[in-house]
Structure formats: C-alpha cells, structure tokens
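Everything in the sequence shown is counted per our numbering, starting at 62 for the first residue and increasing by one.
Note that CB positions come from ideal geometry on N, CA and C, so glycine has one too.
Remember, it's a predicted structure, so these values are computed and weren't measured experimentally.
What follows is a single structure, written as structure tokens, with notes after it.
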Amino acid sequence: MNGHPTQPSVRVLAIVGPTAAGKSALGLEVALRHGGEIVSADSMQVYRGLDIGTAKPSPAERASVRHHLIDVADPREDFNVAVYRRLAAQAVECISRRGLLPVVVGGTGLYVRALLHDYDFSAPGADSQVRYALLRRAGTEGPEALHAELARVDPVAAEKVNPRDTRRIVRALEVWQATGRPISAGWRDAGFIYDALLVGLRLERAELYARIDRRVEAMLLAGLVEEVRGLVREGYSTAVISGQALGYKEIVAHLEGRMSLKEAAGEIKRATRRYAKRQMTWFRREPGVVWLDAAAHGPQELADQVAACMAARWG
62 MNGHPTQPSV RVLAIVGPTA AGKSALGLEV ALRHGGEIVS ADSMQVYRGL
112 DIGTAKPSPA ERASVRHHLI DVADPREDFN VAVYRRLAAQ AVECISRRGL
162 LPVVVGGTGL YVRALLHDYD FSAPGADSQV RYALLRRAGT EGPEALHAEL
212 ARVDPVAAEK VNPRDTRRIV RALEVWQATG RPISAGWRDA GFIYDALLVG
262 LRLERAELYA RIDRRVEAML LAGLVEEVRG LVREGYSTAV ISGQALGYKE
312 IVAHLEGRMS LKEAAGEIKR ATRRYAKRQM TWFRREPGVV WLDAAAHGPQ
362 ELADQVAACM AARWG
C-alpha cells in the first residue's frame with residue numbers, strides 16, 4: 062500500500078467537479094455546518110504567490126475554516142502527486158484525530174484519486190540533465206509538442222495530464238527517457254482507503270463556460286496582471302511562471318508585448334474551458350460520485366443536499 066494504510070473508519074467527504082462550478086463555496090458551507098476542515102485538492106493552490114490566478118480562498122474564508130495544502134510550496138519546487146498524497150494524508154489523519162470532518166475540495170482529479178485510493182505512484186528518482194533538456198524543449202516547442210510525444214510513449218499518463226501542464230509532462234517523459242518504463246506502470250489502484258463520500262458539481266456547458274468567462278474577467282479586475290508582474294520582480298523566471306496555472310503563461314506573453322490584454326483574456330478563457338471539459342471527463346469516470354446540479358441551487362441549498370447524502374451514507 063506504499064505507506065498509505067487503509068483507514069476504513071475515517072470518514073472523508075470530497076467535493077469535486079470542474080473549475081468555476083462552485084466547489085470552494087460549497088466546501089466552506091459544509092465545513093462550517095459540520096465541523097470540518099478543508100483539504101485542498103488543487104495542484105496549483107499549493108504554490109505560494111500564485112493567488113489570484115488559482116482562485117485561492119480569501120484570507121477571511123481561510124480564517125473562518127482551516128484550510129490545508131495551500132501555500133505549502135515554492136513555484137520553483139518539483140511538487141508532485143506523491144508529495145501531495147503524503148501531505149494530504151497527514152492532514153486527513155490530523156483532522157480526523159481531532160474529531161472533525163476532512164472535506165477534500167478541488168478539481169485536480171489525479172490528486173483526489175491519489176489521496177482517496179490505495180495507489181502506488183512510485184517512480185524512479187529525478188534525472189536533472191534529462192529534465193533540463195526537456196524544459197528547454199518545452200520552452201521552444203511548447204508543452205503541447207511534448208504532450209504529443211508522451212501520448213506515443215505512455216498514452217495512459219498522457220490521458221491524465223493536461224497538455225499544457227509542463228511540469229507533469231516533463232516528469233513523465235523524464236521517467237521514460239531515464240528508465241525506458243512509463244511512469245504510469247506504477248499506478249496501481251487497490252480501492253478506497255477511507256470511508257469516502259464523493260459529491261460532484263455539474264453544470265450545463267453553456268452555464269459553465271459563462272461562469273468561466275466571468276471568473277477570468279474577475280481575476281483580471283482583481284489584479285492578475287500585477288500578480289504576475291510582482292512574481293517577475295521577485296526573481297521568478299518567466300519560464301517558471303508560464304509553467305504554472307492556467308492564465309499565467311498568457312499574462313507573461315502580455316507583459317512581454319507578444320499579446321494584448323484582450324487577446325490574453327480570450328486565450329485564458331479558451332484554455333480554461335478546455336481544462337474544465339477534461340475535468341468533467343475525468344470525474345464522470347470516477348465510480349460512486351453523487352452528482353448535484355450546481356446551476357439550480359446556491360451553496361446553502363447544495364449544502365442541504367450534501368447533508369442528506371451524508372445522512373444516507375453515515376447515518
């Protein structure tokens with residue numbers, strides 16, 4: 062079980078779904094009602110300094126309910142699913158031991174699966190020379206070109222990795238080039254570790270896309286351009302910034318004069334829609350998800366439905 066022991070007596074609620082569906086608001090409401098703490102399952106909210114573009118909970122929200130796995134890594138760090146799983150499992154154990162409910166909230170499907178299932182994500186150690194060569198290629202050819210290469214050598218991994226996620230594409234190709242083994246060869250699922258209830262939020266495509274567009278506009282109004290400019294001033298390379306969450310690459314291009322702000326906003330919206338579509342494809346394949354209509358209800362009504370699901374599952 063790769064050091065992640067089965068704890069069937071530990072109850073865990075997971076709220077999943079695509080970006081902009083309302084997961085964070087629902088998770089906050091549920092945690093407030095049921096004495097819970099939130100464990101983020103967002104692969105970008107782990108990074109310090111990436112705040113607006115990753116839609117991190119506000120300071121007030123984090124003061125009202127304790128959040129875990131937010132701001133735990135520097136953007137230069139190689140934070141991966143194995144590290145996430147270790148830290149998130151520690152958080153779940155700590156929350157449960159204090160008699161509270163761990164509420165896992167996020168849209169990074171691989172992180173949710175890694176935490177809740179008995180997966181073995183073992184892989185060989187890093188090869189810095191191979192990695193740097195791949196990073197240089199990603200900078201000149203683009204991450205999509207490397208993703209196409211990954212699809213040829215490890216289609217299982219390619220299906221689970223965002224074509225624009227330079228960090229994970231490079232890691233998977235690094236393992237392949239260094240060992241000749243696909244990184245997905247170690248991904249073995251032996252079922253749930255916890256007594257987990259998964260609740261998913263879904264929206265019709267038109268409504269989801271409209272919410273995404275509004276979110277991107279709100280991020281720009283909140284100062285996303287200034288956030289990226291500040292990261293550059295703090296010494297982060299544009300390559301590091303561009304390889305992070307959706308939106309950062311486009312804002313870097315804007316700051317470098319390669320794209321107008323209007324063009325950057327449009328590309329962020331398109332990329333986020335594509336990402337949301339992949340998220341829904343992923344979570345639809347997850348067994349046992351209880352789906353709720355996020356368009357028909359607000360956070361409080363949805364929290365009522367989650368409470369009913371919890372009562373039916375746990376009494």
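Among the options, the one whose alpha carbon lies nearest that of residue i
i      : options                           : result
Arg147 : Gly168, Val277, Val126 and Val173 : Val173
Glu324 : Arg339, Gly308 and Lys338         : Gly308
Arg266 : Val71, Ala82 and Pro136           : Ala82
Pro360 : Val71, Leu93 and Ser70            : Leu93
Asp274 : Ala332, Thr342 and Glu288         : Ala332
Ala102 : Ala300, Val236, Ala369 and Pro118 : Pro118
Lys338 : Leu269, Thr240, Phe140 and Arg197 : Leu269
Asp365 : Lys330, Leu89 and Gly203          : Leu89
Gly210 : Phe253, Ser125, Pro224 and Gly200 : Here residue 210 is Glu; the residue named in the question, Gly, does not match the sequence. If we check each option's Cα against that of Glu210, Pro224 comes out closest.
Leu258 : Glu347, Ala357 and Asp112         : Glu347
Glu288 : Ala300, Val91, Leu316 and Ala199  : Leu316
Cys370 : Tyr145, Trp352 and Ala356         : Trp352
His128 : Val153, Val142 and Leu322         : Val153
Val73  : Ala357, Glu362 and Tyr255         : Tyr255
Arg334 : Val142, Arg272 and Ala356         : Arg272
Val142 : Ala218, Ala121 and Tyr193         : Ala218
Ala124 : Ile99, Gln106, Val133 and Gly114  : Ile99
Arg158 : Val71, Arg294 and Gly327          : Val71
Gly252 : Gly296, His178, Thr240 and Leu363 : His178
Phe140 : Gly114, Pro120 and Gln106         : Gln106
Ala300 : Arg197, Glu122 and Gly114         : Arg197
Gln190 : Ala239, Ala206, Tyr336 and Ala373 : Ala239
Buried versus exposed, by CB contacts within 10 Å (16 or more), residue i
i      : result
Pro216 : exposed
Pro163 : buried
Leu292 : buried
Asp354 : exposed
Ala86  : buried
Gly160 : exposed
Leu282 : exposed
Pro204 : buried
Glu311 : buried
Ser104 : buried
Asp226 : buried
Asp112 : buried
Glu138 : exposed
Trp237 : buried
Gly296 : exposed
Gly318 : exposed
Ala326 : buried
Gly64  : Confidence in Gly64 is poor, its pLDDT being 48 and thus under 50, which makes the residue's placement too unreliable to answer from.
Ser298 : exposed
Gly167 : buried
Met62  : Any reading at Met62 must be qualified, since the residue scores a pLDDT of 43, below 50, and its modelled position is unreliable; the value itself is stated next. Exposed, by the Cβ-count rule.
Where the beta strand (DSSP E) through residue i begins and ends
i      : result
Glu98  : Gly97 to Ser101
Val351 : Val351 to Asp354
Gly308 : No beta strand (DSSP E) contains Gly308, which DSSP labels as neither H nor E.
Pro163 : Leu162 to Val166
Ala257 : Tyr255 to Arg263
For residue i, the first and last residue of its enclosing alpha helix (DSSP H)
i      : result
Leu408 : Coverage of the chain is limited to positions 62 through 376, which leaves residue 408 absent and any answer about it impossible.
Gly170 : Gly170 to Leu177
Arg290 : Leu285 to Arg294
Leu207 : Pro204 to Val214
Tyr336 : Leu322 to Arg345
Gln297 : Contrary to the premise, residue 297 reads as Tyr rather than Gln in this sequence. Counting along the chain, Tyr297 falls outside any alpha helix (DSSP H), and DSSP gives it neither H nor E.
Leu130 : Element bounds for Leu130: n/a, residue is neither H nor E.
Pro120 : Pro120 to Ser125
Glu154 : Val142 to Arg158
Gln238 : Thr227 to Thr240
8 Å Cβ cutoff, residue i in contact with chain C
i      : result
Phe253 : Of the chains in the structure shown, none is chain C; there is only one protein chain.
CB-CB length for residue i against residue j, believed under 8 Å
i      : j      : result
Arg276 : Ala150 : 30 Å between Cβ atoms; not a contact.
Gly110 : Pro136 : 6 Å
Tyr108 : Leu130 : Not quite, the Cβ-Cβ distance comes to about 11 Å (not below 8 Å), so this is no contact.
Pro243 : Val214 : 7 Å
Val367 : Val260 : 6 Å
Glu220 : Arg192 : So it is not a contact: roughly 22 Å between Cβ atoms.
Gln165 : Ala75  : Strictly speaking, residue 165 in this sequence is Val, with Gln absent from that position. Val165 to Ala75, Cβ: 4 Å. Contact.
Indicate whether the contact test is met: 3 or more Cβ pairs, each with one atom in the region 302-318 and one in the region 222-237, closer than 8 Å. yes
Would the region 337-351 count as touching the region 152-171 if we require 3 or more Cβ pairs under 8 Å? yes
Using a Cβ distance threshold of 8 Å, determine whether the region 257-266 contacts the region 71-81, with at least three qualifying pairs required. Cβ pair count under 8 Å is three or more, so yes.
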